[in-house]
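Number of protein chains: 2
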Amino acid sequence: MLQESSIDSSGCRFTPLVVVELASDASEETIAWLLRRIRDKQQNGGSELLVEQISPGIDAEEKENPNMFLVGASWQRMLAGAEEIGLYKEHEDGFMRSFTCASQNGFKDFKGDGDGFLSMAECQYIIKHELDTLRAKDETHVPGHESAKLYPGKSIIRRLQSKGILIQIFPLHEREELKRLSFSWFGKVKLSLQPLDDIRHYFGEGQALYFAFLEYFTFALLPMALIGIPYYLFAWEDYDKYVIFAGFNLVWCTVILELWKRYGATLAYQWGTLSRKKAFEEPRPAFHGVLGLNPVTGREEPVYPTVKRQLRVYLVSVPFVLLCLYLSLYIMMIYFQMEGWALKVHDEDPTFWTGILCFIPSIIYAVIIEIMNIIYRHAAEILTDWENHRLESSYQNHLVLKVLVFNFFNCFASLFYIAFVMQDIALLRQSLATLLITSQIMNQLMEAFLPYWFQRRHNNKMMRKLRKRKILEDKELPLVEQVRLEADMSTYVGTFDDYLELFLLFGYVSLFSCVYPLAAVLVVINNFTEIYSDAFKMCRVFKRPFSDPASNIGVWQLAFEAMSAIAVVTNCALIGMSPQVKAYFDNSEQQLIFWTVGIEHLLLAFKFMLTFIIQDVPKHIQIKLACLEYKSMEALKRKKMLEGSQPSKTYQ
Amino acid sequence: MLQESSIDSSGCRFTPLVVVELASDASEETIAWLLRRIRDKQQNGGSELLVEQISPGIDAEEKENPNMFLVGASWQRMLAGAEEIGLYKEHEDGFMRSFTCASQNGFKDFKGDGDGFLSMAECQYIIKHELDTLRAKDETHVPGHESAKLYPGKSIIRRLQSKGILIQIFPLHEREELKRLSFSWFGKVKLSLQPLDDIRHYFGEGQALYFAFLEYFTFALLPMALIGIPYYLFAWEDYDKYVIFAGFNLVWCTVILELWKRYGATLAYQWGTLSRKKAFEEPRPAFHGVLGLNPVTGREEPVYPTVKRQLRVYLVSVPFVLLCLYLSLYIMMIYFQMEGWALKVHDEDPTFWTGILCFIPSIIYAVIIEIMNIIYRHAAEILTDWENHRLESSYQNHLVLKVLVFNFFNCFASLFYIAFVMQDIALLRQSLATLLITSQIMNQLMEAFLPYWFQRRHNNKMMRKLRKRKILEDKELPLVEQVRLEADMSTYVGTFDDYLELFLLFGYVSLFSCVYPLAAVLVVINNFTEIYSDAFKMCRVFKRPFSDPASNIGVWQLAFEAMSAIAVVTNCALIGMSPQVKAYFDNSEQQLIFWTVGIEHLLLAFKFMLTFIIQDVPKHIQIKLACLEYKSMEALKRKKMLEGSQPSKTYQ
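Protein chains in written order, with the working numbering: chain A, 224 to 875; chain B, 224 to 875.
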């Protein structure tokens with residue numbers, strides 16, 4: 224399973240799984256203390272992991288950081304860790320069950336020594352969890368660093384991280400496995416589904432769910448794309464056909480989102496994350512406050528009053544976001560004025576230069592939108608940091624919400640303006656197409672090719688350096704060099720941007736689907752290339768990320784559902800405004816609006832009912848879950864019954 | 224705690240808790256078998272309960288049913304049953320914990336013999352649960368009743384019930400306790416809050432939650448009532464003031480429903496039902512199908528294909544409901560035509576007789592509405608029965624939905640017609656007031672006074688009969704007579720009708736609040752009397768119901784929320800239609816509608832966000848729940864750690 228083994232100081236061979244990089248100026252005392260705590264037995268409050276310093280390469284250069292450590296664990300320790308994090312594995316009876324050491328032999332694929340039972344990603348997750356939960360005992364500060372205060376129960380790794388003593392901690396890639404995965408994922412020429420189980424095996428559930436969603440989303444849009452093509456080709460403009468198309472789209476968007484929940488639940492069940500209990504979340508490394516008592520654990524830890532945080536959110540963040548939205552609106556209005564002015568100049572005296580002038584406002588606006596997005600993203604991160612959320616999940620939710628609202632506004636405000644204020648359907652169609660195509664090209668460039676190009680340049684430099692030292696032409700890269708190479712790769716920051724991109728694409732497809740039927744086609748084509756570029760990026764450009772035991776796509780499900788609700792409103796309004804419909808209701812404007820609003824409300828109510836009618840978890844998985852619960856209850860009852868026959872024990 | 228004890232056949236005294244009444248023609252064989260199974264030890268598949276036949280009264284009349292049995296249990300058995308149903312009780316450390324016999328001494332108020340630890344309602348619930356889960360072993364039919372088929376695992380009581388061999392099973396009242404409760408509940412003259420804890424203690428959580436909701440709802444409407452009074456008194460008709468009042472009402476309705484969730488969760492936590500796990504639901508007695516394997520339990524039981532049931536629901540029930548709605552609409556139209564005709568006759572030649580003629584359509588319509596409601600209710604029950612739902616909860620949900628939709632339509636359709644088709648605000652106000660006041664008076668009459676009057680007549684007859692036999696003027700009623708008296712009382716069919724009434728009242732208050740500000744005042748007054756009449760009914764008119772360990776008001780929460788969403792739409796439309804607003808937008812009808820629709824959408828979005836912002840469970844209870852979970856996880860970890868020190872045991 225693993226390509227190389229190392230020997231730790233105690234003389235026992237171990238497989239290196241995770242790299243811990245400390246600052247190069249970390250004091251000897253700190254390092255020695257940290258290593259001791261990591262190696263210490265669990266009874267003594269240690270992690271009982273294996274850890275070893277990387278030997279500096281031959282001809283090591285001055286600037287290379289010597290404080291890099293490889294962490295692994297004995298097989299027994301790994302199984303105990305798997306039980307601790309509540310890992311779900313497939314039992315021999317076909318059910319997914321929580322793994323325990325006592326019942327280990329009942330699990331499928333468990334063979335005495337356990338090789339091949341836990342995937343490398345799982346092992347790395349266990350090690351990360353063990354390191355994260357390595358807690359201070361009676362130390363009041365990190366030895367060798369007076370300023371890094373500790374208190375009993377504080378996670379040591381998080382304190383080291385927040386103080387900059389720990390630079391990074393990342394899992395190692397597995398060259399052979401990665402090569403196999405890359406080949407089956409994007410190396411083959413023939414079209415096939417993604418190897419989702421292998422992706423999950425290598426990158427973990429969170430990543431695999433993203434790729435599953437991307438693939439599902441692409442296929443789900445196919446019907447819309449197929450129906451949209453004839454509309455575009457034959458330029459069907461009949462009222463009836465458009466209404467049918469829009470109606471189909473609205474219902475379809477709701478249905479695919481509901482069906483995704485079922486599909487996602489099926490995957491999460493197979494991967495054992497559906498019923499896995501979330502561990503108690505540690506405070507974020509950056510969370511600060513006065514030392515107090517945690518009301519849940521009863522341990523000392525920093526506390527920060529919720530009221531203060533709420534005040535910061537509602538009195539600072541919310542006004543700030545609203546201000547940014549206003550600014551975005553203001554810039555959009557300037558853009559429309561500039562465009563109007565440019566058109567007027569061109570109409571009055573059309574020359575070659577005025578023709579070019581017409582494009583300039585759009586270009587400036589596009590550039591400014593991008594700049595605003597970047598600045599806003601940074602501001603949102605700073606603000607959310609300042610809100611001082613205790614948990615990473617709460618931090619992420621607040622950040623996602625801020626960025627989501629602004630991006631939605633920034634991308635679609637001009638389209639809304641054109642659609643509902645200017646009421647210029649031809650311009651809307653043209654703007655939509657331009658925006659969609661430009662953003663797709665920009666995304667693919669920014670996301671995959673640029674980082675790849677940088678990485679490639681960097682790798683080549685490294686390889687040249689290596690070749691200079693020793694002549695390793697066709698031999699395997701030694702472990703030490705692999706570690707140094709990977710430590711320099713860029714860090715994957717999570718699926719946030721990927722989901723955001725899909726969310727905006729979904730907006731382009733659903734919000735104005737009735738005026739531009741080709742949008743779905745474009746998005747489908749984009750998604751096919753997106754799968755390849757994202758896969759490529761994951762395998763070649765970034766450090767391996769720690770796996771994330773997600774059971775669903777979280778807040779994004781809600782975001783997509785909100786978008787599909789907004790789409791009902793916009794599409795109904797667009798159809799109500801179309802000249803064909805107006806001609807149909809030529810006797811009464813009021814009647815028209817009543818009908819539009821009425822149908823819109825009915826559609827919204829229908830969407831709402833659909834979410835009730837379509838169950839979130841498929842029946843066969845519900846039955847499996849109920850079955851497992853029933854079995855454990857029956858087992859408990861039997862146990863009670865047996866105890867009951869010795870009444871002296873039960874009824875004291 | 225209990226007023227009387229009895230002695231069972233084995234010679235041990237026991238407190239009678241539950242009465243089981245078998246058909247008077249039940250064969251000796253059946254009775255003997257049933258009693259043996261109830262008394263049998265749990266190891267042998269029995270219930271291990273105490274049961275005794277009631278001795279026929281002195282001078283027993285021919286028609287008195289001799290097959291009445293009292294059921295009770297030993298104290299040890301009761302505690303084991305409490306553990307089985309997963310009862311939550313307050314622990315000495317202040318947390319609500321699941322009761323177990325092994326840890327019984329840690330619970331608050333637990334005193335060796337356990338007196339006062341379990342309330343009588345809890346004991347009765349345990350006995351009901353034990354009787355319900357008394358299962359057939361290898362019997363193929365009920366001995367003495369060839370036609371009553373059994374199969375291993377079938378609940379015996381449910382089969383007896385479905386075959387009519389078991390007539391009823393009900394818990395006994397507790398005269399002393401009931402007298403105390405009645406006094407503190409509705410006996411005192413001074414105004415005070417209801418003794419919710421006592422109500423829960425006597426009637427169980429489901430009942431107590433209803434009364435808590437009734438009380439909460441009354442107080443929550445007070446602000447609306449107080450603000451509404453000056454509007455009515457001074458006949459404020461300004462546009463601004465009305466808009467403010469309507470806006471306040473809409474936000475207020477959302478807020479009170481969200482806050483109720485929190486209050487309800489607090490109550491459910493205190494009463495131990497919030498985190499109590501639902502037991503696996505048994506199939507309903509009336510559920511039928513071919514014998515197959517239950518996929519969850521793996522036991523043989525009747526199965527009925529879901530597809531068939533879905534077909535029945537969507538192809539028969541839904542069209543039937545739609546047809547009924549259409550019929551209701553049709554009758555409403557006839558009513559309006561009759562009324563128009565009567566008015567015309569009166570206008571043409573007004574005499575005394577034509578004046579009376581004007582009232583006749585309303586009277587006929589009101590009567591027909593009542594008749595339709597009753598017929599529809601029966602039809603809905605038959606249809607839902609025919610849909611053959613496996614679980615009682617699913618049966619209830621489908622029945623509630625059917626009745627809810629029809630009642631909503633039947634009660635409000637004429638108001639909607641007056642408001643939005645006739646657009647006659649004066650008539651709307653008048654109809655609303657008439658409907659509201661009439662329905663309140665009708666309800667109070669039908670619900671409390673009629674049953675009370677019947678019951679009183681019946682009781683008096685019984686007492687006269689008793690007096691004839693023995694002269695017991697001021698003595699206590701003997702147990703046997705109490706049982707016979709209670710067996711003849713009407714059966715309380717659950718909180719369905721009570722919630723339905725509140726739901727319709729909420730509709731009168733919220734849907735058209737902006738045209739009739741006095742509605743809230745009327746509803747508040749009604750609710751105050753409703754509390755008294757419902758309490759009276761529970762204590763004096765009905766048999767004691769079995770307690771129902773509910774943790775919330777279930778589907779009604781959803782129904783009330785749906786009503787408040789519809790209220791946003793109707794109120795916005797009413798304001799948009801008012802002449803004052805129309806005058807304000809006199810230049811453009813279109814502008815007016817856009818604004819109305821826009822504000823309505825904003826209000827709906829705001830409502831939606833409020834449900835996210837206001838958390839369903841108060842913080843302090845969330846902390847308590849998390850705390851308990853954390854403690855049990857830590858305990859588990861410690862246990863593991865201890866086992867870990869004996870490695871031979873853990874790592875085999």
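Note that CB positions come from ideal geometry on N, CA and C, so glycine has one too.
Here B/I388 really is in contact with B/L245; their C-beta atoms are around 6 angstroms apart, less than 8 angstroms.
Closer than 8 angstroms to the CB of B/F503 there is at least one CB belonging to chain A. Here B/L245 carries a strand assignment [DSSP, helix/strand/coil]. Across the structure, A/W576 and A/L708 are spaced so that their CA atoms are roughly 51 angstroms apart. Close CB contacts of A/V716 within its chain, under the 8 angstroms cut and outside five residues either way in sequence, are absent. For the region 754-767 of chain A, the beta-carbon criterion of a distance under 9 angstroms to any beta-carbon of chain B is satisfied by none of its residues.
Interface annotation, A/A589: not in contact with chain B, CB-CB separation never under 8 angstroms. According to the DSSP assignment, A/P802 belongs to the alpha helix (DSSP H) that extends over P802 to Y807. Distance between B/I450 and B/V747, taken at the CA atoms: about 13 angstroms. Annotation: the region 677-747 of chain A contains no complete segment of the beta strand (DSSP E) (minimum length 3 residues). When Cβ-Cβ separations below 8 angstroms define contact, B/A849 makes contact with chain A. Straight across, the Cα-Cα distance linking B/Q560 with A/G821 is about 26 angstroms. For B/P701, there are no C-beta contacts with chain A under 7 angstroms, since the nearest C-beta of that chain is about 34 angstroms from it.
Chain A places no beta carbon closer than 8 angstroms to that of B/T793, leaving this residue out of the contacts.
Cβ atoms of A/T496 and A/P772 come within 8 angstroms of each other, at about 5 angstroms. For B/S378, DSSP records a beta bridge to B/R358. A/L534 counts as exposed, since fewer than 16 other beta carbons sit within 10 angstroms of its beta carbon. Against chain B, a Cβ distance below 7 angstroms from A/T520 picks out Y853.
Spatial neighbours of B/S774 in its own chain (CB-CB distance under 6 angstroms, excluding positions within 5 residues in sequence) are listed in chain order as A491, T496 and L497. A Cβ-Cβ separation of about 20 angstroms leaves A/V519 out of contact with A/N620 under the 8 angstroms criterion.
In the DSSP assignment, A/M561 falls within the alpha helix (DSSP H) that extends over V541 to E571.
Taking the C-beta atoms as reference points, A/R358 is found no nearer than 8 angstroms to A/A371. A/H364 has A/K372 as its beta-bridge partners, per DSSP.
Taken in chain order, the unbroken stretches of beta strand (DSSP E) that lie wholly in the region 466-546 of chain B and span 3 residues or more are 513-516 and 523-526.
At least 8 angstroms separates the CB of A/V539 from every CB of chain B. For A/Q814, none of the residues of chain B pass the 7 angstroms Cβ criterion, the least Cβ distance being about 11 angstroms.
Assignment of B/F440 by DSSP, reduced to helix, strand and coil, places it in the helix class.
Of the candidates B/N682, B/L622 and B/C547, the residue whose Cα lies closest to the Cα of B/A636 is B/C547. When the beta-carbon positions are compared, A/L734 and A/I660 stay at least 8 angstroms from each other. A direct Cα-Cα distance of roughly 21 angstroms separates A/V840 from B/G521. Cβ atoms of B/H424 and B/A488 stay farther apart than 8 angstroms, at about 20 angstroms.
For B/P394, the pairing in a beta bridge is given by DSSP as B/V241. Taken atom to atom, the span from the alpha-carbon of A/D420 to that of A/P453 is near 37 angstroms.
Neighbours of B/I846 in chain A, taken as residues whose beta carbon is under 9 angstroms from its own, are P518 and V519 in chain order. Here B/E313 carries a strand assignment [DSSP, helix/strand/coil]. For A/Q384, same chain residues with a beta-carbon under 7 angstroms away, outside a window of 5 residues either side, are P508 in chain order.
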